[in-house]
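Those protein sequences? They're chains X and Y, same order as listed. The number in the working numbering is simply the position in the first sequence, starting from 1, with 8 added. The number in the working numbering is simply the position in the second sequence, starting from 1, with 8 added. For glycine and all other residues, C-beta sits at the position ideal for the given N, C-alpha and C.
Number of protein chains: 2
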Amino acid sequence: MPLGIHHVGVAVDDLDAAIERYAALFDATVEHRERVDEQGVEAASLRVGASRIELLAPLGPDTPVGRFLAKRGPGMHHVAFEVADVSVELERLRAEGAQLIDEEPRHGMFGLEVAFVHPEATGGVLAEFVGNG
Amino acid sequence: MPLGIHHVGVAVDDLDAAIERYAALFDATVEHRERVDEQGVEAASLRVGASRIELLAPLGPDTPVGRFLAKRGPGMHHVAFEVADVSVELERLRAEGAQLIDEEPRHGMFGLEVAFVHPEATGGVLAEFVGNG
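Quick look at the structure:
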């Protein structure tokens, strides 16, 4: 069962420009920044007050975020829920018959375990579980 | 300066079905439910752990959420940041030259003061400020 929203993921064209904009508009500060070649993305985790916004810039057009930008333009990409144990959540969703993108947790950015739930399952929202286990 | 994410707003076709789905997938519980005719929407505020998801169903096709659904389909609609004073944030954003939807706070759902920032200002994200003042 989710403990709350871990972050909202936002697809952007230009990571540096977006970081600057979020700092000016929402007093956001960069917590981590990481390039993840296997996911085709450069990401920055921003703190906005007690919450997090994750900015995602594609490393090229033929990446998941690159295709998202080409289709929908920049904007909200996913919502991530913090959970105690990602495997337990996946098992629970499988039992509900929910369509998953990741059948098992995988190593995500910033040393966390993550798994994505298909938007088909949620009614159009790409959802992520994030946890330490 | 935002204190954190107040809620993530999600546009849905069928409010009852979405509430049921979020309960099954994310252990969400309904905190408030309200029909707001002047905004053309029926809304439900769900608790997911310590956080909130706001589900928005249009009262008809010729409403902001109805047009959003026709154009983009169901999915994430906006992100709302909790602030101490909505007027102060609007003044701050005006000073940054940010494009606003609401020039002054207005009465939102659930007895809160709200104002929307134009996606043009944020890089594609419809952002809302929510506060008591």
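| Check | Outcome |
| --- | --- |
| Cut-off 7 Å between Cβ atoms - residues of its own chain near Gly81 of chain X, not counting five sequence neighbours on either side | none |
| Presumed contact (8 Å Cβ cut-off) between Val56 of chain X and Gly12 of chain Y, rounded CB distance | 7 Å |
| For Arg100 of chain X, the residue or residues it bridges with in DSSP | None; Arg100 of chain X has no bridge partner. |
| Closer than 8 Å to chain X by CB, Asp35 of chain Y | yes |
| Under 8 Å between C-beta atoms of Pro10 of chain X and Val91 of chain X | yes |
| Secondary structure of Gly132 of chain X, DSSP reduced to three states | coil |
| Per-residue contacts from Ile109 of chain Y into chain X (C-beta, under 7 Å) | Those within 7 Å of Ile109 of chain Y in chain X number zero; the least Cβ separation is about 14 Å. |
| Positions along the segment 86-110 of chain X whose CB lies within less than 7 Å of some CB in chain Y | Val87, Phe89, Leu101, Glu104 and Ala106 |
| Cβ contact (3+ pairs, closer than 8 Å) linking the segment 99-112 of chain X and the segment 37-52 of chain X | no |
| DSSP-derived helix/strand/coil call for Glu111 of chain X | coil |
| C-beta neighbour in chain X for Ala129 of chain Y, strict 8 Å | yes |
| Cβ-based neighbour list, Val16 of chain X, same chain, cut-off 6 Å, excluding 5 preceding and 5 following | Ile61 and Val87 |
| Secondary structure, beta strand (DSSP E): runs of 3+ residues fully inside the segment 53-104 of chain X | 59-66 and 83-90 |
| Helix, strand or coil at Ala106 of chain Y [DSSP, three-state] | coil |
| From X:Ala129, X:Gly116, X:Glu121 and X:Leu120, residue whose alpha carbon lies closest to that of Arg102 of chain X | X:Ala129 |
| Alpha-carbon spacing of Ala141 of chain Y relative to Glu111 of chain Y, whole angstroms | With the sequence shown as reference, residue 141 of chain Y is identified as Gly, and Ala is not the correct amino acid for it. Rounded to whole angstroms, Gly141 of chain Y to Glu111 of chain Y spans 15 Å at the Cα level. |
| Asp93 of chain Y versus Val20 of chain Y - alpha carbon distance | 29 Å |
| Outcome for Arg29 of chain Y when other beta-carbon atoms lying within 10 angstroms are tallied against a minimum of 16 | buried |
| Phe34 of chain Y versus Ala135 of chain X - alpha carbon distance | 10 Å |
| Top-ranked residue by Cα proximity to Val138 of chain Y, from Y:Gly131, Y:Glu97 and Y:Gly132 | Y:Glu97 |
| 7 Å CB neighbourhood of His14 of chain X in its chain, flanking five on each side removed | Arg60, Ala88, Phe89, Glu90 and Val138 |
| Interface residues of chain X facing Ala32 of chain Y [CB-CB closer than 7 Å] | Glu104 |
| Exposed unless 16 or more other CB atoms sit within 10 angstroms - verdict on His85 of chain X | buried |
| Within-8 Å CB hit, Arg29 of chain X to chain Y | yes |
| Among Y:Gly116, Y:Val133, Y:Gly131 and Y:Arg75, nearest to Arg43 of chain Y - alpha-carbon criterion | Y:Gly116 |
| Bridge-paired residues (DSSP) for His15 of chain X | X:Ala88 |
| Rounded straight-line distance, which links the Cα of Gly119 of chain Y to that of Asp24 of chain X | 37 Å |
| Whole-angstrom distance between Ala65 of chain X and Ala52 of chain X, CA atom to CA atom | 9 Å |
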